[in-house]
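Colleague: Its first residue numbered 0, the sequence shown is counted upward by one per residue in numbering that gives the first Met the number 0.
Handing you this structure, nothing more for now.
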Amino acid sequence: MKKIAVILMRKNSKGLLDKNIKLFCGRPLCFYTIDIAIDSKKFDEIWISSDSEEYLNLCEGEYGNHCKYIKRAKEVSLDSSTTFETLEFLFKDIKEDFIFMNLQVTSPLRKVEHIHTAFDMFKDCDHLVSFTKPKLSKSLFMDEQKGYLVPSCHGGNYRRQDEPEHIYPNGSIWMSTKNNYLRDKTFYTNKTKVYEMDKIYSYDIDDNLDFEICENLYKNYIK
C-alpha cells in the first residue's frame, strides 16, 4: 500500500501564538517534522494540511514539490475539532486504502530512526502509537475541594517501587491504515501496538516553557 505522512498545522493556538511556525533553533518549528518525514525516505507522499494560507505558503516556499499542500476547511479547524474529524476530512473522498503516519509538529525531537522503527513494528496490528513512561505515578495526583486536599488512596504512604508502571501517548507518532482508522474512529483499540520511546525524545510543546526546554534539548542532546 501507498505510505503517506500527514502533518497537520492549525493556525490559532491558545497556549502559544503561532507555535507551529515559531522559530525553533532558528527555523520554523514545523520544518523539523517535515525534514524527518523527507529524510526517512519511507513515504510516497507527504501531506501538509492547514487552515492557513500563510503556513502552507511558508512550507511550499521551503519544500516545493516534495510535499502536497492541502487547505483545510474552517469547520475542521476549530478549537473543538478532533483529530478524527480532521483526518476524516482529508480521507473521505479517497477510495483506495493506504498506510499513514500522523506526525505532530509540536514533537520536534523525534528522529529518522523512530520513523523506521515504527514501520518495522507495524505488523499484526490495526494501529500503532508512540508512548513514553511518565515521571510521576498517577497515584500522586490528588484533588482539591474548597481549598482543602482530598487525599489520594495511598494516604501519603507512597513508595515509587510499589507503584504499577503506566505509559501515556507522547504525541510523536500515530500510525494506521485509512480503512482501519475510519472504521474505528480512533488510534486506541486492543489492536493498537505500543511503540515506547525514550523520554528525551518525547517532549511535546504546549507552551513557552515547553518550547524553551525542547530547544535546549535539541541543541545539546539531539542535534
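The beta-carbon is built from N, C-alpha and C at its ideal position, and this holds for glycine as well.
The model shown is predicted, which means the values in this text are computed figures rather than measured ones.
(1) How should Ala36 be labelled, buried or exposed, when 16 other C-beta atoms within 10 angstroms of its C-beta is the threshold for buried?
(2) Within a Cβ cutoff of 7 Å, which residues of the same chain sit near Phe30, ignoring the five residues on either side of it in sequence?
(3) On the premise that Phe130 lies in contact with Asn101, defined as a C-beta separation below 8 Å, what is that separation, rounded to the nearest angstrom?
(4) In the DSSP assignment, find the unbroken beta strand (DSSP E) run with Lys2 in it and report its ends.
(5) Would you report the Cα separation of Asn178 and Glu143, rounded to the nearest angstrom?
(6) Among Tyr217, Lys41, Thr32, whose alpha-carbon lies nearest the alpha-carbon of Phe118?
(7) Measuring straight from C-alpha to C-alpha, what distance separates Tyr54 and Glu195?
(8) What residue from Leu139, Arg71, Tyr180, Lys67 has the CA that sits closest to Ser51's CA?
(9) Among Glu214, Trp46, Tyr220, which has the Cα closest to the Cα of Lys21?
(10) On a Cα-Cα basis, can you pick out the residue from Lys1, Asp205, Phe99 that is closest to Trp306?
(11) What does DSSP give as the partner residue(s) for Asn101 in the beta ladder?
(12) Give a yes or no on whether the C-beta atoms belonging to Val111 and Ser39 are separated by under 8 Å.
(13) Go ahead and label Pro150 buried or exposed: buried means 16 or more other beta carbons lie within 10 angstroms of its beta carbon, across all protein chains shown.
(14) Quick one: what's got a C-beta closer than 8 Å to Thr32's C-beta in the same chain, skipping five residues either side?
(15) Over what stretch of residues does the beta strand (DSSP E) that includes Arg142 continue unbroken?
(16) Contact defined as beta carbons within less than 8 Å: I believe Phe97 pairs with Lys1. What is the distance between those atoms, to the nearest angstrom?
(17) Tyr68 bridges to which residues according to DSSP?
(18) Looking at Lys192 and Met141, is the spacing between their C-beta atoms short of 8 Å?
(19) Could you tell me if His115 is buried or exposed, where buried requires 16 or more neighbouring beta carbons within 10 angstroms of its beta carbon?
(20) Would you kindly work out how many angstroms separate the C-alpha atoms of Asn11 and Asn19, rounded to a whole number?
Modeller: Taking the structure as given:
(1) What you label residue 36 is simply residue 37 of the sequence shown in a count that begins at 1. Ala36 comes out buried.
(2) Residue numbering aside, residue 30 sits at position 31 when the sequence shown is read from its first letter. The answer, listed in chain order, is Glu61.
(3) Counted from its first residue, the sequence shown places residue 101 at position 102. Counted from its first residue, the sequence shown places residue 130 at position 131. 15 Å between Cβ atoms; not a contact.
(4) For this step, residue 2 is matched to residue 3 along the sequence shown. That run of the beta strand (DSSP E) goes 2 to 8.
(5) Position 179 of the sequence shown, counted from the start, is the residue given in the question as residue 178. Position 144 of the sequence shown, counted from the start, is the residue given in the question as residue 143. Their Cα atoms are separated by approximately 43 Å.
(6) In the sequence shown, the residue the question calls residue 118 occupies position 119. Ranking the options by Cα distance to Phe118, first place goes to Lys41.
(7) By one-based count along the sequence shown, residue 54 stands at place 55. By one-based count along the sequence shown, residue 195 stands at place 196. Roughly 31 Å between the two C-alpha positions.
(8) Within the sequence shown, numbered from 1, the residue matching residue 51 stands at position 52. Of the listed residues, the one whose Cα sits closest to Ser51 is Arg71.
(9) Mapped onto the sequence shown, residue 21 falls at position 22. Cα-wise, what sits closest to Lys21 is Glu214.
(10) Because the chain spans 0 through 222 in this model, residue 306 falls outside it and cannot be assessed.
(11) Here residue 101 is taken as the residue at index 102 of the sequence shown, counted from 1. Paired residues: Val5, Trp173.
(12) For the purposes of this step, residue 111 is taken as the residue at position 112 of the sequence shown. For the purposes of this step, residue 39 is taken as the residue at position 40 of the sequence shown. Yes.
(13) As a working note, residue 150 is residue 151 in the sequence shown. Burial call: exposed.
(14) Position 33 of the sequence shown, counting from 1, holds the residue named residue 32. Ile6, Leu102, Gln103, Val104, Ser106, Pro107, Arg109.
(15) Sequence index remark: in the sequence shown, residue 142 carries index 143 (1-based). In the sequence on display, residue 142 carries Asp and not Arg. 142 to 144 is the span of the beta strand (DSSP E), which, as asked, contains Asp142.
(16) By 1-based counting over the sequence shown, the position of residue 97 is 98. By 1-based counting over the sequence shown, the position of residue 1 is 2. The pair is a contact, with the Cβ atoms about 4 Å apart (cut-off 8 Å).
(17) As a working note, residue 68 is residue 69 in the sequence shown. Ile47, per the DSSP bridge assignment.
(18) Walking along the sequence shown from the start, residue 141 turns up at place 142. Walking along the sequence shown from the start, residue 192 turns up at place 193. Their beta carbons are not under 8 Å apart, which means Met141 does not touch Lys192 by this criterion.
(19) Numbered from 1 along the sequence shown, position 116 holds the residue referred to as residue 115. His115 should be labelled exposed.
(20) Locating residue 11 in the sequence shown gives position 12, where the first residue counts as 1. Locating residue 19 in the sequence shown gives position 20, where the first residue counts as 1. Using only the alpha carbons, I get a separation of about 9 Å.
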